[in-house]
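One structure below.
Numbering (the numbering used here), first residue to last: 106 to 149.
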């Protein structure tokens, strides 16, 4: 039971960290995605 609760806390902590990380890097990710799509000829 203790291990399960600590695992839940850890997963919620990791998801919170990943969420804040993605929010912080959102403009950078958008630019990188646009460049990748251009390289793949998906966008003109």
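Where is the CB? At the ideal position from N, CA and C, for every residue including glycine.
Check residue i in the structure and name its three-state DSSP category.
i: residue 52; result: Since the displayed the chain opens at 106 and closes at 149, residue 52 lies outside it and no answer follows.
i: residue 145; result: coil
Between which residues of its own chain and residue i is the CB-CB distance below 8 Å, once the five residues before and five after are set aside?
i: residue 138; result: none
Tell me which same chain residues have a C-beta within less than 7 Å of the C-beta of residue i, skipping the five on either side of it?
i: residue 52; result: Outside the shown range of the chain (106 to 149) lies residue 52, about which nothing can therefore be said.
Who are the Cβ neighbours of residue i in its own chain at under 6 Å, not counting the five residues just before and after it?
i: residue 110; result: none
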